[in-house]
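Numbering (our numbering), first residue to last: 621 to 985.
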């Protein structure tokens with residue numbers, strides 16, 4: 621005779637099992653990495669971003685495909701489930717700049733250039749403390765640069781060209797010590813160039829042209845020894861071009877045209893042996909072209925129109941063996957065009973209209 625054995629679960633056992641479940645749940649919460657929690661919030665933020673900028677029949681219609689996970693949406697790059705890059709460049713979205721961008725705290729790259737965004741840059745950009753590349757050029761952004769922008773200490777490149785931004789550059793820009801590229805051309809930035817900009821010793825590319833900057837070039841710029849490209853043209857800068865410019869030994873391109881610089885062109889420019897392009901036109905210099913300019917063996921473009929230059933063209937100009945384009949028009953020289961120009965075998969364009977020069981020595985070999 622086989623007896624049927626029944627197992628009864630007592631109330632005491634039920635309580636014990638419940639306690640174990642609660643303990644297990646607490647343990648799971650403790651051991652789940654906090655990054656997983658934040659990753660899920662990034663996915664939620666993508667849906668918020670979609671609501672802010674995308675239309676189901678627009679250029680981001682793939683964002684509405686139910687079979688496409690958010691991390692596979694066009695322009696979105698994830699690491700795990702954290703969004704690390706948003707690149708929607710050249711998407712004609714034409715909406716207000718989304719403040720929810722600040723929710724993506726793992727973001728390394730943000731490229732929203734050429735999207736037609738309007739409105740001001742939000743303070744929430746300051747939440748992007750891991751951001752290294754910020755490209756917001758060619759939009760319709762207005763207002764001042766938010767103070768929070770200067771707290772992004774991991775930034776390597778900041779490109780804000782061709783917007784409607786105004787206000788002044790803050791001395792706090794000196795905190796962005798990792799910057800290699802700073803480009804804010806084509807805006808209405810006013811005031812002086814902050815001295816602190818000269819502390820960014822990793823800077824290779826600086827373009828502030830076509831703004832309303834005034835004052836002089838800070839002497840601290842002598843510290844920018846890694847600089848390859850410097851464009852401060854089309855501003856209201858004045859005073860002398862500082863002699864410390866000779867410290868910029870790696871400079872390949874220098875454009876200071878369309879300002880109010882006075883005095884002589886500094887002889888120290890002749891020490892910038894890596895220069896390929898030198899544009900100083902539309903200023904108020906009051907001396908001759910320095911002899912030392914003939915040391916620039918790699919120079920390909922030399923533009924000096926409307927500089928109020930006087931005297932003669934130095935014979936040393938024959939040292940510019942790589943020169944292809946030379947513009948000295950609309951100046952006040954009182955001499956003949958030197959025959960040494962005929963030695964420039966790579967020269968394809970010489971513009972000397974209304975320069976006060978006589979003679980026709982130049983000929984193309």
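For each residue, glycine too, the CB sits at the ideal point set by N, CA and C.
Through-space distance from residue j to residue i, alpha-carbon basis
i, j, result
"residue 777", "residue 954", "46 Å"
"residue 972", "residue 938", "16 Å"
"residue 752", "residue 722", "14 Å"
"residue 749", "residue 888", "40 Å"
"residue 925", "residue 969", "14 Å"
"residue 977", "residue 785", "43 Å"
"residue 683", "residue 668", "12 Å"
"residue 783", "residue 755", "12 Å"
"residue 892", "residue 927", "20 Å"
"residue 764", "residue 789", "9 Å"
"residue 706", "residue 695", "6 Å"
"residue 745", "residue 894", "37 Å"
"residue 861", "residue 908", "15 Å"
"residue 879", "residue 678", "44 Å"
"residue 945", "residue 951", "17 Å"
"residue 712", "residue 732", "10 Å"
"residue 912", "residue 794", "33 Å"
"residue 974", "residue 772", "50 Å"
Cβ pair residue i, residue j closer than 8 Å
i, j, result
"residue 826", "residue 798", "no"
"residue 857", "residue 881", "yes"
"residue 674", "residue 680", "yes"
"residue 709", "residue 662", "no"
Residues bridged to residue i [DSSP beta-bridge criterion]
i, result
"residue 880", "858"
"residue 815", "In the DSSP output, where bridge partners are listed per residue, residue 815 has none listed."
"residue 827", "803 and 851"
"residue 707", "731"
Of the listed residues the options, nearest to residue i (C-alpha basis)
i, options, result
"residue 817", "806, 934 and 847", "847"
"residue 949", "958, 966, 718 and 929", "929"
"residue 808", "828, 793 and 822", "828"
"residue 811", "670, 855, 936 and 795", "855"
"residue 931", "957, 942 and 704", "957"
"residue 719", "698, 766, 903 and 741", "741"
"residue 870", "883, 843, 853 and 885", "843"
"residue 800", "935, 701 and 779", "779"
Residue-chain proximity (residue i, chain D), Cβ-Cβ < 8 Å
i, result
"residue 953", "Protein chain content of the structure displayed is limited to a single chain, and chain D is not contained in it."
### Query
At a cut of 8 Å, does the stretch 884 to 902 reach the stretch 913 to 933 through at least three beta carbon pairs?
Using a Cβ-Cβ distance cut-off of 8 Å, the stretch 884 to 902 and the stretch 913 to 933 are in contact, since at least three pairs of beta carbons, one from each stretch, lie closer than that value.
### Cβ pair count under 8 Å reaching 3, the stretch 756 to 767 against the stretch 721 to 737
As far as the Cβ criterion goes, the stretch 756 to 767 touches the stretch 721 to 737, which means the pair count is three or higher.
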